[in-house]
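Asker:
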Amino acid sequence: MSNRRPSMVERRSSINEYSTQYEDSRVSSPIPHLAGLEKPLPETIPEEVDVVIAGTGLVESILAAALSWQGSNVLHIDSNDYYGDSTATLTINQLIKWVERVNKGLINNYKNAMLYFPNNTELEYQNLIQSKDYGIDLTPKILFAKSDLLSLLIKSRVYKYLEFLPLSSFHFFENDNFEKMNNSKKNIFINQSISLINKRSLMKFIKFSINWENSLEIWNDYKKKSIKEFLQDKFKLELNQINELIFAIGLCNNDTISTPEALTRIKRYLISFDVYGNFPVMYSKYGGAGEISQGFCRSAAVAGTTYKLNTKILNYDPISKIAKLSDNSKVKINEKLIISSTQSTSFLSSSTSQTTTASYEIQRLTVIVKKSCSEWFENNESSAIVVFPTNSLKSGNKFAVQAIIMGENTEITSSNTTVWYLSTIETGDQGRADLESALESMEKSILRESKNFEEPEILSQSIKFGDDVNNNFKSGEKLQYLLKFYYIQSTSLPHSGVVNTSQYRRKNSTTSTTFNDDVLFSSLPSSEISYDGIITSVKLLYELISGSDDDFFDVDFEDEDEQDDNNLSGFNNDSSINDQINSKSINDDDNNEDDEVIDSEAVEFADDMEL
144 MSNRRPSMVE RRSSINEYST QYEDSRVSSP IPHLAGLEKP LPETIPEEVD VVIAGTGLVE
204 SILAAALSWQ GSNVLHIDSN DYYGDSTATL TINQLIKWVE RVNKGLINNY KNAMLYFPNN
264 TELEYQNLIQ SKDYGIDLTP KILFAKSDLL SLLIKSRVYK YLEFLPLSSF HFFENDNFEK
324 MNNSKKNIFI NQSISLINKR SLMKFIKFSI NWENSLEIWN DYKKKSIKEF LQDKFKLELN
384 QINELIFAIG LCNNDTISTP EALTRIKRYL ISFDVYGNFP VMYSKYGGAG EISQGFCRSA
444 AVAGTTYKLN TKILNYDPIS KIAKLSDNSK VKINEKLIIS STQSTSFLSS STSQTTTASY
504 EIQRLTVIVK KSCSEWFENN ESSAIVVFPT NSLKSGNKFA VQAIIMGENT EITSSNTTVW
564 YLSTIETGDQ GRADLESALE SMEKSILRES KNFEEPEILS QSIKFGDDVN NNFKSGEKLQ
624 YLLKFYYIQS TSLPHSGVVN TSQYRRKNST TSTTFNDDVL FSSLPSSEIS YDGIITSVKL
684 LYELISGSDD DFFDVDFEDE DEQDDNNLSG FNNDSSINDQ INSKSINDDD NNEDDEVIDS
744 EAVEFADDME L
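My numbering puts the first residue of the sequence shown at 144, with every later residue one more than the last.
Structure below.
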């Protein structure tokens with residue numbers, strides 16, 4: 144079995160007991176199993192399959208499950224010794240090896256990887272790199288409660304392999320202060336910095352944005368203009384409110400984004416609120432995209448997909464349709480070969496430049512701090528979003544810096560530590576300067592807010608998060624960093640248009656290579672902080688393989704559920720979110736039906752926003 148960080152499912156005592164029994168009952172196999180959830184594994188790679196998929200990233204894992212449930216015989220391999228590929232969740236030890244491979248040019252589309260362990264003793268360093276309490280996401284993302292990925296997780300029952308936690312705390316940085324977003328009617332009412340006239344304007348816009356597509360007369364003249372112009376001209380909103388809508392609610396990279404795209408992003412937040420609780424966003428414990436990838440791999444394995452790690456494609460003959468693998472085995476491919484760009488091999492290098500060119504960059508800075516950072520979280524939560532709008536940093540940032548904060552209850556970090564994921568689409572030295580400037584502001588803020596929480600209750604409740612009263616705060620305390628991790632990720636996907644399905648399809652319709660029509664490339668992870676665009680990427684590949692996406696996960700999973708419930712009775716968690724997802728999934732297998740229910744709830748929520 145591969146040396147990887149145990150997933151959430153594998154950490155449960157019931158799965159450990161089952162896995163032990165499973166290991167004892169099976170013969171040695173070169174194919175790593177996934178927590179013993181599959182049927183007994185074959186001892187050898189099949190000689191002939193319909194589809195080979197190289198790379199176990201999120202797109203590839205969903206595709207493998209979709210094809211397997213549709214009836215295709217799939218071989219799913221990965222050159223790494225862990226699942227997730229470019230969307231993996233790695234231990235510190237795995238991260239060290241990953242950085243070494245990137246800097247040797249062995250992993251495509253990543254560069255300038257740096258890993259730093261400041262101020263650690265040798266013992267602390269050894270404990271850190273050997274610990275499996277830490278799980279660092281290469282592509283950290285959040286999941287909106289109203290999204291196509293969550294709909295698929297419900298329909299496919301893959302959500303049963305996962306555990307979700309809420310995220311409702313959004314902060315944005317402006318005028319050298321952190322502001323907590325007004326994400327409810329109550330917060331807007333009690334915010335004394337907003338005049339009554341502006342409160343009415345803000346409520347008016349929120350009501351409009353729920354069904355903005357049906358109010359063409361309001362926004363049509365701004366179709367090719369920026370959202371900032373639209374909000375200023377049509378709703379007379381002030382700059383801080385505009386920034387909050389664009390950068391915190393819309394999670395846009397800049398304020399020049401087109402009005403239709405920004406409205407789509409803002410609506411995404413609003414219709415996700417109160418679907419499963421008083422929050423718009425959730426995330427999976429024990430890791431993000433890497434954990435969800437493993438969930439779909441389990442689903443694919445149950446449907447018959449064969450898995451093998453530490454294996455890559457050495458060559459492919461388009462005439463005989465035979466691929467040679469690094470373990471010296473050969474497999475005939477009847478239909479398609481799908482390759483993740485990070486798994487690309489030399490025999491394809493001359494033929495893929497036109498279709499896999501990574502034209503866009505994402506700079507990422509991940510740190511682990513020795514502090515709980517609970518001041519940033521809502522009650523009973525362990526995560527937050529922090530955004531830095533354009534021109535809000537000392538570095539003069541032209542693009543937003545976005546940060547996802549994950550505390551110890553996310554199970555990706557140890558007690559009293561927190562992981563900060565920062566990212567920007569800015570390029571070159573400016574991008575790194577923006578990240579460092581944002582990190583400096585966050586450090587100053589959390590030390591200041593920690594001091595506030597120690598003050599008498601009447602004082603701590605009388606000031607806003609990061610109010611001007613604290614601007615001159617200076618602390619003798621230093622924030623201890625256990626790890627700093629920087630790298631540049633390339634992508635072939637534009638930074639805009641991801642949330643608009645039709646626009647995304649137009650921009651990313653070409654995925655085949657000039658080498659042969661039987662060879663397809665999956666798209667690289669985008670800069671989008673959410674999972675939007677993932678399902679569209681999968682369906683584009685699925686259509687090229689199957690001819691259409693009409694039967695995409697068109698499976699009645701109720702029969703499978705009966706068998707799963709017998710085998711996994713002890714595996715499902717008791718979290719309220721999963722319980723609500725389960726109750727919604729019982730009668731909502733039709734995705735369109737589910738959309739109507741959620742949309743109507745959102746409209747009612749908006750209608751209640753009268754002042």
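Just so it is clear, CB atoms sit at the ideal spot from N, CA and C, and this is done for glycine as well.
Count the CB pairs spanning the segment 201-209 and the segment 415-428 that are closer than 8 Å, and state whether there are at least three.
Answerer: no
Asker: Step through the CB atoms of chain E and report whether any lies within less than 7 Å of the CB of F351.
Answerer: Here there is only one protein chain, and chain E is not present.
Asker: Can you tell me where the beta strand (DSSP E) with K473 in it begins and where it stops?
Answerer: K473 to I482
Asker: Using 8 Å as the cut-off, can you tell me whether the segment 405-414 makes contact with the segment 523-535, which would need three or more C-beta pairs spanning the two stretches below that distance?
Answerer: Verdict: no, contact absent.
Asker: Looking only at its chain, what residues have a beta carbon closer than 6 Å to the beta carbon of G574, apart from the 5 residues adjacent to it on each side?
Answerer: Q506 and T567
Asker: Within 10 Å of its beta-carbon, does G431 have 16 or more other beta-carbons around it, so buried, or fewer, so exposed?
Answerer: buried
Asker: Tell me the residue span of the beta strand (DSSP E) that contains W563.
Answerer: T561 to T567
Asker: When we look at the beta-carbon of E317 and count the other beta-carbons within 10 Å, is it buried (16 or more) or exposed?
Answerer: It counts as buried.
Asker: DSSP beta-bridge partners for V445?
Answerer: According to DSSP, V445 bridges with nothing at all.
Asker: Going by beta-carbon coordinates alone, are I555 and G278 separated by less than 7 Å?
Answerer: Cβ distance < 7 Å, so I555 and G278 count as in contact.
Asker: Could you tell me which of L292, Y225 and P283 sits nearest to I672, measuring between CA atoms?
Answerer: P283
Asker: Tell me where the alpha helix (DSSP H) around V202 begins and ends.
Answerer: L201 to Q213
Asker: Leaving out the 5 sequence neighbours to the left and right, which residues in its chain are closer than 6 Å to V219 when beta-carbon positions are compared?
Answerer: The amino acid occupying residue 219 in the given sequence is His; Val does not appear at that position. Within the same chain, H219 has close Cβ partners I196, A207, T448 and Y450.
Asker: Looking at G433 and T232, is the spacing between their C-beta atoms short of 7 Å?
Answerer: Their beta carbons are under 7 Å apart, which means T232 touches G433 by this criterion.
Asker: Roughly how far, in whole angstroms, is the beta-carbon of K389 from the beta-carbon of D398, given that I think they are within contact range, below 8 Å?
Answerer: Position check: residue 389 holds Ile in this sequence, whereas Lys was assumed. The pair is a contact, with the Cβ atoms about 5 Å apart (cut-off 8 Å).
Asker: Per DSSP, what kind of secondary structure is L238 in: helix, strand or coil?
Answerer: helix
Asker: Can you look up Y630 in the DSSP assignment and give me helix, strand or coil?
Answerer: strand
Asker: Helix, strand or coil, according to DSSP, for N578 in the structure here?
Answerer: Looking at the sequence shown, residue 578 is not Asn but Leu. In this structure, L578 counts as helix in the three-state DSSP scheme.
Asker: For E620, which option in N453, S666, Q237 and K514 has the closest C-alpha, if you only look at C-alpha atoms?
Answerer: K514
Asker: Going by Cα to Cα distance, which pick from N721, Q723, D722 and V698 is closest to G214?
Answerer: V698
Asker: Would you tell me roughly how many angstroms separate the C-alpha atoms of N358 and P189, rounded to the nearest one?
Answerer: For the record, residue 358 in the displayed sequence is Ser; it is not Asn. Rounded to the nearest angstrom, the two C-alpha atoms are 56 Å apart.
Asker: Answer yes or no: do F695 and A209 have a C-beta to C-beta separation smaller than 7 Å?
Answerer: Yes, the Cβ-Cβ distance between F695 and A209 is below 7 Å.
Asker: With 16 as the cutoff for other CB atoms within 10 Å, does D572 come out buried or exposed?
Answerer: It counts as exposed.
Asker: Comparing C-alpha positions only, which one of S635, I456, T454 and G438 sits nearest to F307?
Answerer: G438
Asker: Specify the secondary structure class of E191 as computed by DSSP and reduced to three states.
Answerer: strand
Asker: Would you call the segment 341-357 in contact with the segment 380-387, where contact means no fewer than 3 C-beta pairs closer than 8 Å?
Answerer: yes
Asker: Would I250 be called buried (16 or more neighbouring beta carbons within 10 Å of its own) or exposed?
Answerer: buried
Asker: When you compare only the Cα positions, how much space is there between E265 and Q237?
Answerer: 18 Å
Asker: Using the C-alpha atoms, what's the distance from G539 back to E322?
Answerer: 19 Å
Asker: Starting from D280, follow its DSSP beta bridges and name the residues at the other end.
Answerer: T232
Asker: Thinking C-alpha only, which one of S633, N363 and E356 is nearest Y503?
Answerer: Residue S633 holds the alpha-carbon nearest to the alpha-carbon of Y503 among S633, N363 and E356.
Asker: How about the segment 481-488 and the segment 240-255: do they share at least three Cβ pairs that are nearer than 8 Å?
Answerer: yes
Asker: Below 7 Å CB to CB, which residues in the same chain sit around D577 once its five sequence neighbours on both sides are set aside?
Answerer: L536, S538, N540, V544, T567 and E569
Asker: Quick check: the Cα distance between I385 and D693, rounded to an integer number of angstroms?
Answerer: 40 Å
Asker: Specify the secondary structure class of M425 as computed by DSSP and reduced to three states.
Answerer: strand
Asker: Cα-Cα, which of V192, F700, E387 and I462 is closest to Y412?
Answerer: The residue with the shortest Cα to Cα distance from Y412 is E387.
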